[in-house]
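Chemist:
Protein chains in written order, with my numbering: chain A, -5 to 243; chain B, 128 to 435.
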């Protein structure tokens, strides 16, 4: 079976972003960009499905600027067989991304689609569930464990009070939570090999998807800053402050 | 305007965040209906009928909704939701699971985890782990929104809404529930607790987390943890506080052995009073703490427990 894995180019998770002076967006000039950490986990899981002999081919797809091909090359260095870049300089909303992925799923007919549960830039946590809805597939969101056999997937999901296990029909869209696996590092020979793997470049128009968003960002501001308080010298002083100054105990 | 709030519940009771989501619905303004989709969920529906501001509770009581499988819940709400201008639910594990599926079925975008209502179509939400706040305006005919519960004060339970059963059943037949492992705990729920005591990697082991639990129990609070502590296996994953875990805003947040990574701060910096205990005086957690104590947590935490 084919496995499709979607990856997103985002600001590196170590970067503390700043808001532009005109409040139009955050400033990403000269900022390090990387593969979204949750997408790395999704790629790792896809590659493991291939190593277990369940997947026959792993196709990585990214929707974003030309430079997103770097993240596709990373996915291929980690073990994806080929890449599809859907190139656009617009910042697409989750619904448009899900619509494009649904078209790709129609063309490629994967049985499992893996993606990260959220990207660390927009923090939306939507695309997996939207794609599953549009394609009419089942969904396994926030996966901590995945088993694929006999045309079904068993997914242990992180839920508020603990873990929930569900069984879902294939094809399915699965979103990776933090503890699904620990992604490997790409080895140098694999990075070299990945440069030769095939990569198609498309545009949203190739899939006939209207990308204009109905949600407009009016303003982006820095959050209210919390000022540092005081250092106390002892537990006694802390107890006194909590009781008499903050009055929270 | 007419607003549908989807209740978060355990069938036998309503999860407190629902009262915060109704508060967000009231801020938007309009006739508010509450949907309780579950199985044997009459008790949750009755609790929902008491929420101030709710005019009607819709109850979909069927085995298909027992475990809030996204496929079934979304199919139900995609039909019901066409009659509303807004559909709201909490940004909880359940809400995050089914809500985007509903939005896509209605062919509208979702606005995730709002922290304020500016007007009926304009909302604020954190992006980049809370390092920026975006004001967004939606032109969609139906606005599908998840709400960060801690940003809205819960409505009182002084209402008396009518309760109406929905007979329609949608079982997509795509998924089935296998089992659940829920952490048994007498402590308050993390996102609703007035006090949260959290431990980080500095605690060192699952056994040593005992001192964190003891202090939490002394204060009648919940226990939280950093991603590092969860990944190291000290505590269960549902205790993770941060960008991708739980968002908390208690009256008092005590961070013990936590350095203060931005992903963790994203989950707790709206707490009223923050106390940091860390032996590294350079730890970034001190930059957001109201009271910082540079000390070994293994000395300070038990001493604090004893003196409170």
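Glycine included, C-beta positions come from ideal geometry on N, C-alpha and C.
Just so we're clear, the structure is a prediction, and the values are computed from it rather than from any experiment.
For residue 391 (chain B), does the three-state DSSP call read helix, strand or coil?
Modeler: Position 264 of the second chain, counted from the start, is the residue given in the question as residue 391 (chain B). Reduced to three states, the DSSP call for residue 391 (chain B) is helix.
Chemist: Using only the alpha-carbon positions, how far apart do residue 31 (chain A) and residue 238 (chain A) sit?
Modeler: Here residue 31 (chain A) refers to the residue found at position 37 when the first chain is read from its first residue. Here residue 238 (chain A) refers to the residue found at position 244 when the first chain is read from its first residue. Each residue's Cα considered, the two are about 44 Å apart.
Chemist: Is DSSP giving residue 312 (chain B) helix, strand or coil here?
Modeler: Position 185 of the second chain, counted from the first residue, corresponds to residue 312 (chain B). If DSSP states are grouped into helix, strand and coil, residue 312 (chain B) belongs with coil.
Chemist: Can you name the residues of chain A whose CB is closer than 9 Å to the CB of residue 275 (chain B)?
Modeler: Position 148 of the second chain holds residue 275 (chain B). By Cβ distance, chain A contributes nothing, its closest Cβ being about 11 Å from residue 275 (chain B), past 9 Å.
Chemist: Evaluate the contact criterion for the segment 6 to 23 of chain A versus the segment 142 to 158 of chain A: three or more CB pairs, one atom per stretch, below 8 Å.
Modeler: The segment 6 to 23 of chain A vs the segment 142 to 158 of chain A: no contact.
Chemist: Can you give the Cα-Cα distance for residue 0 (chain A) and residue 103 (chain A), rounded to whole angstroms?
Modeler: Sequence index remark: in the first chain, residue 0 (chain A) carries index 6 (1-based). Sequence index remark: in the first chain, residue 103 (chain A) carries index 109 (1-based). The alpha-carbon atoms of residue 0 (chain A) and residue 103 (chain A) are separated by roughly 14 Å.
Chemist: On the DSSP bridge list, what partners appear for residue 178 (chain A)?
Modeler: Here residue 178 (chain A) is taken as the residue at index 184 of the first chain, counted from 1. BP columns for residue 178 (chain A) are empty, so no partner.
Chemist: Does any residue of chain A have a CB that is nearer than 8 Å to the CB of residue 215 (chain B)?
Modeler: To locate residue 215 (chain B), count along the second chain from 1; it is residue 88. So no, residue 215 (chain B) is outside the interface.
Chemist: Just mark residue 14 (chain A) as buried or exposed, buried being the case when its beta carbon has 16 or more other beta carbons within 10 Å.
Modeler: Start at 1 with the first residue of the first chain, and residue 14 (chain A) comes out as number 20. It is exposed - the Cβ of residue 14 (chain A) has fewer than 16 other Cβ atoms within 10 Å.
Chemist: Does residue 94 (chain A) come within less than 8 Å of chain B when only Cβ atoms are used?
Modeler: Here residue 94 (chain A) corresponds to residue number 100 of the first chain, with the count starting at 1. No, its Cβ sits nowhere closer than 8 Å to a Cβ of chain B.
Chemist: If the criterion is Cβ atoms closer than 8 Å, does the pair residue 53 (chain A) and residue 78 (chain A) meet it?
Modeler: Locating residue 53 (chain A) in the first chain gives position 59, where the first residue counts as 1. Locating residue 78 (chain A) in the first chain gives position 84, where the first residue counts as 1. In contact: residue 53 (chain A) and residue 78 (chain A) (Cβ atoms closer than 8 Å).
Chemist: Taking C-beta pairs closer than 7 Å, name the residues in chain A that residue 348 (chain B) reaches, listed in chain order.
Modeler: In the second chain, counting from the first residue as 1, residue 348 (chain B) sits at position 221. Here the premise fails: no neighbours, minimum Cβ distance about 10 Å.
Chemist: Tell me the residue span of the alpha helix (DSSP H) that contains residue 144 (chain B).
Modeler: Within the second chain, residue 144 (chain B) is the residue found at index 17, counting from 1. Per DSSP, residue 144 (chain B) belongs to the alpha helix (DSSP H) from 144 to 155.
Chemist: Look up residue 140 (chain B) in the DSSP assignment and give the residues it is bridged to.
Modeler: Position 13 of the second chain, counting from 1, holds the residue named residue 140 (chain B). According to DSSP, residue 140 (chain B) bridges with nothing at all.
Chemist: Listed in chain order, which residues of the segment 186 to 214 of chain A have Cβ atoms closer than 7 Å to some Cβ of chain B?
Modeler: Under the 7 Å Cβ criterion, the segment 186 to 214 of chain A contributes 207, 208, 209, 210, 211, 212, 213 and 214.
Chemist: Going by the CB atoms, is the gap between residue 243 (chain A) and residue 342 (chain B) shorter than 8 Å?
Modeler: The residue given as residue 342 (chain B) occupies position 215 in the second chain. The residue given as residue 243 (chain A) occupies position 249 in the first chain. Not closer than 8 Å, so no.
Chemist: Cβ of residue 240 (chain A) less than 8 Å from any chain B Cβ?
Modeler: Locating residue 240 (chain A) in the first chain gives position 246, where the first residue counts as 1. Closer than 8 Å: yes.
Chemist: With distances taken from CA atoms, which of A:137, A:169, A:133 and A:27 is nearest residue 302 (chain B)?
Modeler: The residue you call residue 302 (chain B) lines up with position 175 of the second chain. Selected option, being the one with the closest Cα: A:133.
Chemist: Taking the beta carbon of residue 82 (chain A) as the centre, do at least 16 other beta carbons fall within 10 Å, making it buried, or is it exposed?
Modeler: Locating residue 82 (chain A) in the first chain gives position 88, counting from the first residue. Buried.
Chemist: Quick check for students: name the residue ranges of the alpha helix (DSSP H) that lie wholly in the segment 138 to 225 of chain A, counting only runs of 4 or more.
Modeler: Qualifying alpha helix (DSSP H) stretches, in chain order: 182 to 188.
Chemist: Name the chain B residues that come within less than 9 Å of residue 173 (chain A), Cβ to Cβ?
Modeler: Sequence index remark: in the first chain, residue 173 (chain A) carries index 179 (1-based). Within chain B, the residues near residue 173 (chain A) are 357, 358 and 364.
Chemist: Got a sec: is the Cβ-Cβ distance from residue 196 (chain B) to anything in chain A below 8 Å?
Modeler: Working through the second chain from its first residue, we reach residue 196 (chain B) at position 69. By this cut-off, residue 196 (chain B) is an interface position.
Chemist: What are the residues that DSSP puts in a beta bridge with residue 253 (chain B)?
Modeler: Here residue 253 (chain B) refers to the residue found at position 126 of the second chain. The partner list for residue 253 (chain B) (beta bridge, DSSP) reads B:260.
Chemist: Tell me where the alpha helix (DSSP H) around residue 237 (chain B) begins and ends.
Modeler: Stepping through the second chain from its first residue, residue 237 (chain B) is reached at position 110. Not the alpha helix (DSSP H): residue 237 (chain B) falls in the beta strand (DSSP E), residues 237 to 241.
Chemist: Can you name the start and end residues of the alpha helix (DSSP H) that residue 188 (chain B) belongs to?
Modeler: Mapped onto the second chain, residue 188 (chain B) falls at position 61. Segment 181 to 188 is the beta strand (DSSP E) holding residue 188 (chain B); no alpha helix (DSSP H) there.
Chemist: Under a Cβ-count criterion, where at least 16 other Cβ atoms within 10 Å of its own Cβ denotes burial, should residue 50 (chain A) be classed as buried or exposed?
Modeler: Translated into the one-based positions of the first chain, residue 50 (chain A) becomes position 56. That one is exposed.
Chemist: Following the continuous alpha helix (DSSP H) through residue 241 (chain A), name the residue where it begins and the one where it ends.
Modeler: Along the first chain, one-based indexing puts residue 241 (chain A) at 247. Looking at the DSSP string, residue 241 (chain A) is not in any alpha helix (DSSP H), and its letter there is neither H nor E.
Chemist: Quick check on this structure: which residue in A:225, A:236 and A:212 has the alpha carbon closest to the alpha carbon of residue 17 (chain A)?
Modeler: The residue you call residue 17 (chain A) lines up with position 23 of the first chain. For residue 17 (chain A), the nearest C-alpha among the options comes from A:212.
Chemist: Buried or exposed: which applies to residue 224 (chain A), given that a residue is buried once 16 or more other Cβ atoms fall within 10 Å of its Cβ?
Modeler: On the first chain, residue 224 (chain A) is found 230 positions in, with the first residue counted as 1. Exposed is the call here.
Chemist: Taking the DSSP output, what are the residues bridged to residue 419 (chain B)?
Modeler: Taking the second chain and counting its residues from 1, the one referred to as residue 419 (chain B) is at position 292. In DSSP, residue 419 (chain B) forms a bridge with A:225 and B:403.
Chemist: Report the residues of the segment 222 to 243 of chain B with a CB closer than 9 Å to any CB of chain A, ordered along the chain.
Modeler: The residues in question are 223, 224, 225, 226, 227, 228, 229, 230, 231, 232, 234, 235, 236, 237, 238, 239 and 240.
Chemist: Listing by chain order, which chain A residues have their CB less than 9 Å from the CB of residue 354 (chain B)?
Modeler: As a working mapping, residue 354 (chain B) is identified with position 227 in the second chain. 172, listed in chain order.
Chemist: What residue from B:296, B:321 and B:387 has the CA that sits closest to residue 190 (chain B)'s CA?
Modeler: Here residue 190 (chain B) refers to the residue found at position 63 of the second chain. Comparing Cα positions, the closest option is B:296.
Chemist: Which residues, taken in chain order from the segment 108 to 120 of chain A, show a beta carbon closer than 8 Å to some beta carbon of chain B?
Modeler: Answer in chain order: 111, 112, 114, 115, 116, 117, 118, 119 and 120.
Chemist: What residue range does the alpha helix (DSSP H) around residue 226 (chain B) cover?
Modeler: Here residue 226 (chain B) refers to the residue found at position 99 when the second chain is read from its first residue. Start and end: 220 to 232.
Chemist: List, in chain order, every chain B residue whose beta-carbon is nearer than 8 Å to that of residue 230 (chain A).
Modeler: Mapped onto the first chain, residue 230 (chain A) falls at position 236. Chain B residues near residue 230 (chain A): 434.
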